[in-house]
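Heads up: the structure comes next, in structure tokens.
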């Protein structure tokens, strides 16, 4: 059976592999930025607390929980992100925000990580919790209620959640389109192979009939 012409079915596969490679590279790049930003902001918050509250009773607690948060977050980079890991990281971060409001600065990378890890419904609930903590923490740092410190975190969280949710849905649509394109390409390949097989069969029958017609006067050759 003759296969389809060279390259006829390889182009879609090569394009799909190329797109998958680009998507994986973009995902790794985004993850690296988010992880670096989160760890940098956590360390900056710890330095701020230590320089402004040196010798306070909370200092050993903040140092201990900061170290635990960094270790737990770093473990997820090697062991993989899952619900238990995210729960532990969130719990440690919430404790730190309660002890030292400046740790709320690291909310955005953590929010993005949650949006990329959890299902949409749970992720949006997480956005509400993190945003509320940030609003309370910022107003604690300001020693009073400030409308701007309430509106700005809500606006930033809403935009971040909308962008990440949109990107997730676009990625899901792209995967579905690629799946459908793969099914259509496979159907096209099978139909071409069937067409070629039928064409070869008909051609062979035509050649046999032509030979039989030419040898009609010699029955022993036409059998």
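Residue numbers (this note's numbering): 918 to 1140.
Virtual Cβ for every residue (Gly too), placed ideally from N, Cα, C.
Quick one, are the C-beta atoms of residue 1075 and residue 1047 less than 8 Å apart?
Not in contact: residue 1075 and residue 1047 (Cβ atoms no closer than 8 Å).
Excluding sequence positions up to five away, which residues of its chain have a Cβ less than 7 Å from the Cβ of residue 1062?
Cβ neighbours of residue 1062 beyond the five flanking positions: 1056.
At which residue ranges does the region 1016-1092 contain complete alpha helix (DSSP H) runs of 4 or more residues, listed in the order of the chain?
As for any alpha helix (DSSP H) of minimum length 4 sitting wholly inside the region 1016-1092, the runs are 1024-1034 and 1037-1058, ordered along the chain.
Within its chain, find whatever has a CB closer than 6 Å to the CB of residue 1037; leave out the 5 residues flanking it on each side and keep chain order.
Take residue 1037, set aside five residues on each side of it, and no residue of its chain has a beta-carbon closer than 6 Å to its own.
For residue 1050, I'd like the list of residues in its chain whose CB is within less than 8 Å of its CB, leaving aside the five on either flank, ordered along the chain.
These residues qualify, in order along the chain: 1011, 1014, 1021 and 1024.
Go ahead and label residue 1079 buried or exposed: buried means 16 or more other beta carbons lie within 10 angstroms of its beta carbon, across all protein chains shown.
So residue 1079 ends up on the exposed side.
Residue range of the alpha helix (DSSP H) that includes residue 973
For residue 973, there is no enclosing alpha helix (DSSP H), as DSSP marks it with neither H nor E.
Compute the distance between the beta-carbons of residue 1006 and residue 986, then report whether it is under 8 Å.
Pairing residue 1006 with residue 986 gives a Cβ-Cβ distance under 8 Å.
If you check the beta carbons only, do residue 951 and residue 1029 fall under 8 Å apart?
Taking the C-beta atoms as reference points, residue 1029 is found nearer than 8 Å to residue 951.
How close, in whole Å, do the beta carbons of residue 1009 and residue 966 come, if the pair is a contact with beta carbons under 8 Å?
Cβ-Cβ separation between residue 1009 and residue 966: approximately 15 Å, too far for a contact (criterion under 8 Å).
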